[in-house]
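Chemist: In the working numbering, the protein residues as written are 66 to 515. We put the CB at the ideal spot given by N, CA and C, even for glycine.
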Ligand code: SF4
Ligand code: SF4
């Protein structure tokens, strides 16, 4: 197959064919994606709130400090993306990517306006009509860019706060300036860049090409009997302006299958099947062979097995981490600047520190108790500390015990911290240090002295 001249690529109009099989499928999937894209931040299904340092996933509120869950989530998503790219190729680019969806919508809007101007404005030159159409397109694009930016920024800033800023046309505060800048970039992107973004800026296309193997789903031109009538319809239908007959592995090709529809429409009239098809790899048999789901996944391929195992490990780790997550995080630790001190009343004191964070949406009461040493009690902190949602506590306290009630040297004890009825109390096994000599006067013993 000889290469197609580059002039064909650049001069061809790009017209998808409404009503055809993959075109309809793409529009349906893309509509669902746009709806999900809009709803995700509004209902806290997936959102990173950088102002409050929170991460929302399926309604659960995670704190940025919950690093293990965030790390496992990111790794899981990353490996899921890699696994899907390995099996389904560039399905994401062709069907799910918001940049692609909005770029195609901008092209459709531009064409519709140009057509309207052509049919409704008369008595002016073609150049003037083009100018008017361009101006109308920019006017129509501006509110669309504001809306897309609003949804995008809602992934990082509470939507209510964002709406307030938008309604007050805030372009003086730092968040307002950032929002206005992103709106401008979005406008320029969909006015001028569109699908060029995919090849010039987005790294995902390069990554997908690296991850693809010999069984990855792709769109390919397969014409062993040289039946191509060179009608160029596949090139004209391509939203990326390329010719699939040159290769299935062109960086621009998102495997959207608009060219499959175009070829089907033409050669179908001649009683033939499309010369361009989806196929699991490029082998001679790949275009016609029907594969079961486990054959598609390629369970006998080492690289694929490795990525599936990794996916399973991270999914398991993530589910365990989420199940172990406590709505109120409590840590108790010794404060060993001094091993112990002796109070004026002769009691021995050991110093501790409590950290507590209420990550739930309800008030909680944090209580501390000590067991293991009969005479020991908690001093220096209220027995019941109220923590409102989002509040944290960091406080030093002492465990006090009478000298007669403890062994000289090291004593074992347990500190218990309870937060709410819904959460199991946390128990911390700790050492209680007591003097080895008779107590004469109040004193503190530095930890280094032992
Ligand atoms: S060549 Fe690739 S990007 Fe162009 S229509 Fe075909 S599948 Fe889509
Ligand atoms: S649409 Fe089909 S027949 Fe026409 S040029 Fe493309 S591959 Fe050949």
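Leaving out five residues on either side along the sequence, give the residues of the same chain with a beta carbon under 7 Å from the beta carbon of residue 123.
Modeler: Walking along the chain shown from the start, residue 123 turns up at place 58. Within the same chain, residue 123 has close Cβ partners 110.
Chemist: For residue 200, report the span of its alpha helix (DSSP H) as first-last.
Modeler: By one-based count along the chain shown, residue 200 stands at place 135. Taken as a continuous stretch (DSSP letters only), the alpha helix (DSSP H) holding residue 200 covers 191-219.
Chemist: Under the criterion of a Cβ to heavy atom distance below 8 Å, does residue 324 qualify as lining ligand 2?
Modeler: The residue you call residue 324 lines up with position 259 of the chain shown. The answer is yes for residue 324.
Chemist: Residue 442 to residue 221, Cα distance in whole Å?
Modeler: By one-based count along the chain shown, residue 442 stands at place 377. By one-based count along the chain shown, residue 221 stands at place 156. Cα-Cα distance, rounded: 46 Å.
Chemist: To the nearest angstrom, report how far apart residue 172 and residue 279 are at their CA atoms.
Modeler: As a first step, residue 172 is located in the chain shown; it is residue number 107 there, counting from the start. As a first step, residue 279 is located in the chain shown; it is residue number 214 there, counting from the start. Taking the straight line joining both Cα atoms gives about 34 Å.
Chemist: Taking 8 Å as the cut-off, is the beta-carbon of residue 288 closer than that to any non-hydrogen atom of ligand 2?
Modeler: By 1-based counting over the chain shown, the position of residue 288 is 223. Because some heavy atom of ligand 2 lies under 8 Å away, the Cβ of residue 288 counts as near it: yes.
Chemist: Taking residue 449 and residue 432 to be in contact with their CB atoms under 8 Å, please state how far apart those CB atoms are, rounded to whole angstroms.
Modeler: Taking the chain shown and counting its residues from 1, the one referred to as residue 449 is at position 384. Taking the chain shown and counting its residues from 1, the one referred to as residue 432 is at position 367. Going by Cβ atoms, the distance from residue 449 to residue 432 rounds to 5 Å, so yes, they are a contact pair.
Chemist: Please name the residue in 135, 213, 174 whose C-alpha comes closest to that of residue 164.
Modeler: Looking up residue 164 in the chain shown gives position 99. Nearest C-alpha to residue 164: 213.
Chemist: Provide the residue(s) that pair with residue 451 in DSSP beta bridges, ordered along the chain.
Modeler: Within the chain shown, the letter at position 386 stands for residue 451. Answer is 430, bridged to residue 451.
Chemist: Compute the Euclidean distance between the alpha carbons of residue 308 and residue 146, then round it to the nearest angstrom.
Modeler: Working through the chain shown from its first residue, we reach residue 308 at position 243. Working through the chain shown from its first residue, we reach residue 146 at position 81. About 27 Å.
Chemist: Ignore the nearest five residues each way along the sequence and tell me which others in residue 207's own chain have a CB closer than 8 Å to its CB.
Modeler: Within the chain shown, residue 207 is the residue found at index 142, counting from 1. Cβ neighbours of residue 207 beyond the five flanking positions: 252.
Chemist: Once DSSP output is grouped into helix, strand and coil, what is the label at residue 492?
Modeler: Stepping through the chain shown from its first residue, residue 492 is reached at position 427. Looking at residue 492 - three-state DSSP - the assignment turns out to be strand.
Chemist: Drop a sphere of 10 angstroms on the beta-carbon of residue 328, count the other beta-carbons inside from all chains shown, and report buried for 16 or more, exposed for fewer.
Modeler: Your numbering for residue 328 matches position 263 in the chain shown. So residue 328 counts as buried.
Chemist: Could you tell me if residue 494 is buried or exposed, where buried requires 16 or more neighbouring beta carbons within 10 angstroms of its beta carbon?
Modeler: Locating residue 494 in the chain shown gives position 429, counting from the first residue. Per the 10 Å Cβ criterion, exposed.
Chemist: Using the Cα positions of residue 462 and residue 444, report the straight-line distance between them to the nearest angstrom.
Modeler: Position 397 of the chain shown, counted from the first residue, corresponds to residue 462. Position 379 of the chain shown, counted from the first residue, corresponds to residue 444. Cα to Cα, residue 462 sits roughly 6 Å from residue 444.
Chemist: At the level of alpha carbons, what is the spacing between residue 313 and residue 87?
Modeler: Within the chain shown, the letter at position 248 stands for residue 313. Within the chain shown, the letter at position 22 stands for residue 87. Distance between the alpha carbons of residue 313 and residue 87: 17 Å.
Chemist: By Cβ distance, which residues of its chain are closer than 6 Å to residue 75, with the 5 residues on each side in sequence left out?
Modeler: As a first step, residue 75 must be located in the chain shown, where it is residue number 10. Below a pLDDT of 50, predicted positions are generally treated as unreliable, and residue 75, at 36, falls in that range; no measurement from the model is reported.
Chemist: Do you know offhand how far residue 21's Cα is from residue 114's?
Modeler: Outside the shown range of the chain (66 to 515) lies residue 21, about which nothing can therefore be said.
Chemist: Cutting at 6 Å between CB atoms, please list the residues of its own chain near residue 126, excluding the five before and the five after it.
Modeler: Taking the chain shown and counting its residues from 1, the one referred to as residue 126 is at position 61. Taken in chain order, the residues that qualify are 119.
Chemist: Sorry if obvious, but does the Cβ on residue 304 come closer than 8 Å to a heavy atom of ligand 1?
Modeler: Residue 304 sits at position 239 when you count from the first residue of the chain shown. Residue 304: yes, Cβ under 8 Å from ligand 1.
Chemist: Report buried or exposed for residue 374, applying the criterion of at least 16 other Cβ atoms within 10 angstroms of its Cβ.
Modeler: By one-based count along the chain shown, residue 374 stands at place 309. Classification of residue 374: exposed, given that the 10 Å Cβ count is below 16.
Chemist: Take residue 159 and list the residues in its own chain whose beta-carbon comes closer than 8 Å to its own, dropping the five residues that flank it on each side.
Modeler: Sequence index remark: in the chain shown, residue 159 carries index 94 (1-based). Same-chain partners within the cutoff: 91, 165, 319, 320, 321, 322.
Chemist: For residue 104, name the three-state secondary structure that DSSP assigns.
Modeler: Within the chain shown, the letter at position 39 stands for residue 104. The answer is helix: DSSP assigns residue 104 an H, G or I state.
Chemist: Does the beta-carbon of residue 218 have 16 or more other beta-carbons within 10 angstroms, so that it is buried, or is it exposed?
Modeler: Residue numbering aside, residue 218 sits at position 153 when the chain shown is read from its first letter. With 16 or more Cβ atoms within 10 Å of its Cβ, residue 218 is classed as buried.
Chemist: Assuming residue 468 and residue 499 are in contact, meaning their beta carbons sit under 8 Å apart, how far apart are those beta carbons, in whole angstroms?
Modeler: Sequence index remark: in the chain shown, residue 468 carries index 403 (1-based). Sequence index remark: in the chain shown, residue 499 carries index 434 (1-based). Their Cβ separation, rounded to whole angstroms, is 7 Å, which keeps residue 468 and residue 499 in contact under 8 Å.
Chemist: Can the beta-carbon of residue 103 be found closer than 9 Å to that of residue 216?
Modeler: For the purposes of this step, residue 103 is identified with residue 38 of the chain shown, where counting begins at 1. For the purposes of this step, residue 216 is identified with residue 151 of the chain shown, where counting begins at 1. A contact, by the Cβ cut-off of 9 Å.
Chemist: Report the partner residues of residue 481 according to the DSSP bridge assignment.
Modeler: To locate residue 481, count along the chain shown from 1; it is residue 416. According to DSSP, residue 481 bridges with 434, 492.
Chemist: Can you tell me which of the three DSSP states residue 285 falls into?
Modeler: If you number the chain shown from 1, residue 285 lands on position 220. Strand, per DSSP.
Chemist: I'd like to know whether the C-beta atoms of residue 287 and residue 331 end up nearer to each other than 9 Å.
Modeler: The residue given as residue 287 occupies position 222 in the chain shown. The residue given as residue 331 occupies position 266 in the chain shown. It is not a contact, given that the beta carbons lie outside the stated cut-off.
Chemist: Measure the Cβ-Cβ separation of residue 520 and residue 202 and say whether it is below 9 Å.
Modeler: Any question about residue 520 goes unanswered here, given that the chain covers just 66 to 515.
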